[in-house]
Amino acid sequence: MKAIVTGHTKGLGAAIAGELLARGVPVLGLARGGAAELAAKYPALLREAALDLSDAAALGAWLAGPALREWLDGCGTALLVNNAGVVNPVGPLAEQDPASVVRAVSLNVAAPLALAAAVVRAAQGAETRILHISSGAARNAYPGWSVYCATKAALDHHARAVALDGDGRVRAVSLAPGVIDTGMQAEIRATPESRFPMRERFVQMKNQGALAAPEQSARKVVAYLLAANFGAKPVDDVREV
């Protein structure tokens with residue numbers, strides 16, 4: 003068994019990578035930077051590739067190379083955790099920078115879908131489990147979050163459609179991990195209420211201690227990923243398991 007985790011250098015992605023490594027699962031981390039602490043702790047299990055997943059040309063070039071195929075060569079089970087994502091741009095359409103929209107769609111949608119296809123091909127018939135990190139925003143529309151809601155909803159629908167393909171070797175789930183105390187949450191709380199009218203709700207969750215620690219959420223997410231019935235529900239919420 004081997005795993006690929008995107009955005010493994012911080013927040014939930016770092017916690018998921020750390021949980022997999024602690025269980026002895028080798029991880030290939032894809033991010034713009036490196037995870038020095040994880041690399042020092044698990045030098046034999048962690049491999050990293052410096053890659054800007056929002057850069058379609060860079061991602062395409064990397065996928066055309068041998069790295070993914072070599073990583074999964076002879077692997078019995080391939081795990082892909084599509085964790086990397088951005089919440090910006092936030093605000094109504096008139097305030098959205100079009101270039102930021104392109105970057106968000108590239109990172110939040112194009113990269114996960116391309117990686118899913120590439121991993122299945124590179125796994126060469128081995129069992130493949132694809133886990134998209136989704137959000138409650140995929141299932142509920144929020145003012146100011148039209149791009150974030152739409153991109154996360156795309157991951158949900160991708161998992162539903164993959165399930166309909168009927169390939170027993172491939173299982174995909176788009177999983178909402180709950181509200182987690184990460185840098186993205188800090189970014190949300192720092193957004194002016196004029197751009198995100200629901201800002202106060204997230205401020206209150208932080209003040210009331212209602213945000214889960216990344217490590218706590220990661221344990222639940224990884225347990226879900228490794229469970230025997232993974233894929234039974236293509237769209238799920240870890241809080242409802």
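In the working numbering, the protein residues as written are 3 to 243.
For each residue, glycine too, the CB sits at the ideal point set by N, CA and C.
Residue closest to residue i, alpha-carbon to alpha-carbon, out of the options
i, options, result
"aspartate 239", "Val223, Ala229, Ala230", "Val223"
"methionine 186", "Thr11, Leu48, Gly87, Lys4", "Gly87"
"threonine 130", "Val92, Gly170, Ile18, Ala192", "Gly170"
"glycine 35", "Asn110, Leu81, Glu50, Ala225", "Glu50"
"alanine 188", "Val205, Ala112, Arg71", "Val205"
"glycine 13", "Asn231, Val243, Ile190, Ile182", "Ile182"
"valine 104", "Pro45, Gly20, Pro114, Val149", "Val149"
Closer than 6 Å: residue i CB and nearest the ligand HEM heavy atom
i, result
"isoleucine 182", "For the structure depicted, the ligand HEM is absent and the ligand set is empty, with no information on it obtainable."
Residue i to residue j span [Cα, whole Å]
i, j, result
"glycine 26", "valine 7", "15 Å"
"arginine 245", "methionine 207", "Nothing can be reported for residue 245, as the shown portion of the chain is limited to 3 through 243."
"alanine 41", "alanine 96", "43 Å"
"threonine 79", "threonine 11", "23 Å"
"proline 199", "glutamine 98", "15 Å"
"lysine 154", "serine 176", "9 Å"
"alanine 163", "leucine 133", "14 Å"
"leucine 22", "leucine 30", "11 Å"
"lysine 235", "leucine 228", "14 Å"
"alanine 178", "glutamate 202", "21 Å"
"alanine 116", "valine 83", "13 Å"
"leucine 213", "arginine 241", "13 Å"
"leucine 48", "proline 194", "39 Å"
Short Cβ contact (7 Å threshold) for residue i with residue j
i, j, result
"isoleucine 135", "asparagine 85", "yes"
"arginine 173", "glycine 233", "yes"
"serine 108", "alanine 52", "no"
"glycine 93", "glycine 138", "no"
"alanine 220", "isoleucine 18", "yes"
"leucine 81", "alanine 5", "yes"
"alanine 120", "leucine 74", "no"
"alanine 38", "glycine 9", "no"
"aspartate 54", "alanine 63", "no"
Cβ neighbour criterion (16 or more within 10 Å) applied to residue i
i, result
"leucine 166", "exposed"
"lysine 43", "exposed"
"histidine 160", "buried"
"glycine 15", "buried"
"alanine 156", "buried"
"alanine 66", "exposed"
"alanine 192", "exposed"
"proline 243", "Per the sequence shown, residue 243 should be read as valine rather than proline. When all chains shown are included, valine 243 counts as exposed."
"glycine 168", "exposed"
Query - Length-filtered (4 minimum) alpha helix (DSSP H) runs lying within the region 137-204 - result: For the region 137-204, whole alpha helix (DSSP H) runs of length 4 or above, ordered along the chain, are 148-167, 185-191.
**Report entry** Completely contained alpha helix (DSSP H) runs for the region 58-93, where each covers 4 or more residues
**Finding:** Runs found: 58-66, 69-74.
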